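Please read the structure below before turning to the comments.
As structure tokens, this is what we get:
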């Protein structure tokens with residue numbers, strides 16, 4: 704490419720970006736310097752947890768057993784149950800008191816951190832929720848029985864829940880991938896590959912696991928920013 | 704700023720960058736497309752470990768005890784000892800078999816991950832090695848005794864060891880802070896606030912702890928890139 708063509712290309716790109724920013728600023732009714740509105744999102748840290756299908760509830764807690772609610776979670780309809788299980792892998796080092804989240808699902812899904820996967824000794828892949836084909840085997844132990852699943856253990860991907868209102872405002876759609884940076888952190892970090900999940904029932908929050916939270920020094924309700 | 708002035712500014716900046724890149728490429732004897740040499744660094748993952756002063760060795764292993772070498776580490780002169788200790792904090796949950804690294808130091812320093820700090824229940828700060836003033840209290844237990852230090856436990860900062868040769872080549876100096884990105888990762892991540900440590904005795908390697916490694920899915924000897 705010639706220098707002249709390069710200058711033209713760069714100028715066009717930069718002017719397009721400036722135009723877009725001016726538009727956004729004007730839409731927001733501001734006459735301040737040209738900066739787009741920050742896309743701030745509060746963080747929730749997901750500790751290891753389990754979603755159970757009734758089939759596994761029957762085995763672990765007894766036939767027909769029903770989960771009991773301990774407390775509601777941030778997303779409407781979701782709750783932490785009083786019930787917990789113990790997880791075991793081939794290294795035979797147990798993870799105890801692992802919380803069950805309700806409501807009951809069609810398939811049992813165990814969400815752990817990579818640190819947990821190393822403790823257990825299982826090759827859990829980073830996956831989106833529900834994408835369990837070929838995920839890691841895991842043993843669950845409950846008060847009435849145990850079950851070893853051939854697959855079902857995953858390291859949850861980074862993701863952001865948002866309503867269509869936020870998605871529209873920020874020009875995002877369901878399953879987009881974004882990059883997110885910490886705002887205030889003793890180990891500043893930028894998270895890539897963050898899935899956007901849009902639903903009218905979702906409240907705005909970014910879900911990260913304990914590895915990401917502890918790497919960056921994030922605590923629940925800290926804000927991060929979509930870049 | 705007028706559009707014309709902006710175009711001029713951008714063009715000047717871009718051309719300066721291109722000129723610099725061409726210079727670097729030419730210096731390397733390549734006629735390939737204009738790209739700067741990537742600043743690639745292999746990763747080493749530091750699990751929790753302890754550096755001991757003789758005063759604490761005397762308490763934990765007996766008066767005059769000398770550490771015995773298990774294996775050499777990557778940096779010349781550094782070694783992993785056969786000896787281990789148990790760490791305990793106010794939550795009374797022990798971390799067992801914590802490796803001691805030699806040689807003996809002037810001050811005892813305990814390096815843990817934030818995940819470990821939560822397990823122990825201590826407010827360990829992110830610090831550079833040797834910066835122990837006001838760091839967290841920690842109890843060490845050895846076969847001959849135990850000691851509770853009022854400070855000495857830290858979460859090590861991210862840092863890169865390099866020789867003056869690499870520092871010169873990359874335009875870096877001791878104690879610079881750089882940003883580092885993963886190259887191949889199932890959870891792409893950019894690490895900020897990475898300290899550069901330059902010494903003729905250092906071999907090139909980035910040290911990260913288990914939280915950073917497990918957040919990003921990095922394994923020992925994976926390469927990352929200084930941006």
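Protein chains in written order, with this note's numbering: chain C, 704 to 930; chain R, 704 to 930.
Glycine residues also receive a C-beta, built at the ideal position from the N, C-alpha and C atoms.
Values in this document were obtained by computation on a predicted structure and should not be read as measured data.
key: Straight-line Cα distance separating residue 760(C) from residue 926(R)   = Straight-line spacing of the CA atoms in residue 926(R) and residue 760(C) works out to 44 Å.
query = Is there a Cβ from chain R that is less than 8 Å from the Cβ of residue 878(C)?
reply = no
ask   = For residue 930(R) and chain C, any beta-carbon pair shorter than 8 Å?
value = no
ask   = For a contact meaning CB atoms closer than 9 Å, what does residue 774(C) contact in chain R?
value = Result: empty, since nearest Cβ-Cβ is about 21 Å, beyond 9 Å.
task = Within the same chain, show all residues whose beta-carbon is closer than 7 Å to that of residue 895(C), passing over the 5 residues directly before and after it, in chain order.
result = 882
message = Would residue 915(R) pass as an interface residue toward chain C - the criterion being a Cβ-Cβ separation below 8 Å?
response = yes
ask   = Between 899(R), 904(R) and 918(R), which lies nearest to residue 742(R) when the distance is taken from Cα to Cα?
value = For residue 742(R), the closest C-alpha among the options 899(R), 904(R) and 918(R) is that of 899(R).
task = With hydrogens ignored, establish whether the beta-carbon of residue 853(R) is closer than 7 Å to any heavy atom of the ligand NAD.
result = As for the ligand NAD, it is missing from this structure, which has no ligand bound.
query = By Cβ distance below 7 Å, which residues in the same chain neighbour residue 800(C) in space, the five residues on each side in sequence not counted?
reply = 787
Whole-number beta carbon distance between residue 863(C) and residue 814(C), since they are thought to touch under 8 Å = Actually they are not in contact, since the Cβ atoms of residue 814(C) and residue 863(C) sit about 16 Å apart, beyond 8 Å.
task = Identify each residue in the region 835-867 of chain C for which the Cβ-Cβ distance to at least one residue of chain R is less than 9 Å, and report them in chain order.
result = 858, 860 and 861
inquiry  = Distance cutoff 8 Å, beta carbons only. Does residue 729(C) sit that close to anything in chain R?
reply    = Reliability of the predicted coordinates at residue 729(C) is poor, the pLDDT of 41 falling under 50, and the value obtained from them is presented with this limitation in mind. Chain R, which has no Cβ nearer than 8 Å to the Cβ of residue 729(C), makes this no.
request  = Drop a sphere of 10 angstroms on the beta-carbon of residue 812(R), count the other beta-carbons inside from all chains shown, and report buried for 16 or more, exposed for fewer.
outcome  = buried
task = Could you tell me whether the region 826-841 of chain R touches the region 777-787 of chain R, where touching means 3 or more Cβ pairs closer than 8 Å?
result = no
request  = Give me the Cβ distance between residue 893(C) and residue 746(C), rounded to the nearest whole Å; I'm assuming they're in contact under 8 Å.
outcome  = Contact flag wrong, Cβ pair sits at about 14 Å.
message = Counting only Cβ pairs nearer than 8 Å, list the residues of chain C close to residue 789(R).
response = Result: empty, since nearest Cβ-Cβ is about 17 Å, beyond 8 Å.
ask   = Taking one C-beta from the region 817-827 of chain C and one from the region 870-881 of chain C each time, how about it: are there three or more such pairs within less than 8 Å?
value = no
Chain-ordered chain C contacts of residue 750(R) [CB-CB under 8 Å] = What residue 750(R) touches in chain C: nothing, since even the nearest Cβ is about 10 Å away.
query = the region 880-913 of chain R: which residues have C-beta closer than 7 Å to a C-beta of chain C, in chain order?
reply = Hits within the stretch, in order: 889, 890, 891, 892, 893, 894, 895, 896 and 913.
query = For residue 785(R), is the classification buried or exposed, using 16 other Cβ atoms within 10 angstroms of its Cβ as the cut-off for buried?
reply = exposed
request  = Would you mind telling me which residues of chain R sit closer than 7 Å to residue 935(C), beta carbon to beta carbon, in chain order?
outcome  = What is shown of chain C runs 704 to 930, which leaves residue 935(C) out entirely.
query = Can you find a CB in chain C that lies within less than 8 Å of the CB of residue 920(R)?
reply = yes
ask   = Does DSSP put residue 761(C) in a helix, in a strand, or in coil?
value = helix
task = Step through the CB atoms of chain C and report whether any lies within less than 8 Å of the CB of residue 699(R).
result = Nothing about residue 699(R) can be read from this structure; chain R reaches only from 704 to 930.
task = May I have the straight-line CA-CA distance separating residue 758(R) from residue 752(C), to the nearest angstrom?
result = Residue 758(R) and residue 752(C) have their alpha carbons spaced roughly 44 Å apart.
request  = Please report the residue range of the beta strand (DSSP E) in which residue 843(C) lies.
outcome  = Where residue 843(C) is concerned, the enclosing beta strand (DSSP E) starts and stops at 839-844.
inquiry  = Give me, in chain order, the residues of the same chain whose beta-carbon lies closer than 7 Å to that of residue 775(R); leave out the 5 immediate sequence neighbours on both sides.
reply    = Leaving aside the five residues that flank residue 775(R) on each side, the residues in its chain whose CB is nearer than 7 Å to its CB run, in chain order, 782.
inquiry  = What does DSSP give as the partner residue(s) for residue 747(R) in the beta ladder?
reply    = Answer by DSSP bridge pairing, in chain order: 910(R).
query = Which ranges would you report for the beta strand (DSSP E) in the region 821-905 of chain R if only whole runs of at least 3 residues count?
reply = Runs of the beta strand (DSSP E) lying entirely within the region 821-905 of chain R and spanning at least 3 residues, in chain order: 839-844, 849-859, 862-865, 880-885 and 892-901.
Beta bridge counterpart(s) of residue 753(R) as assigned by DSSP = 803(R) and 813(R)
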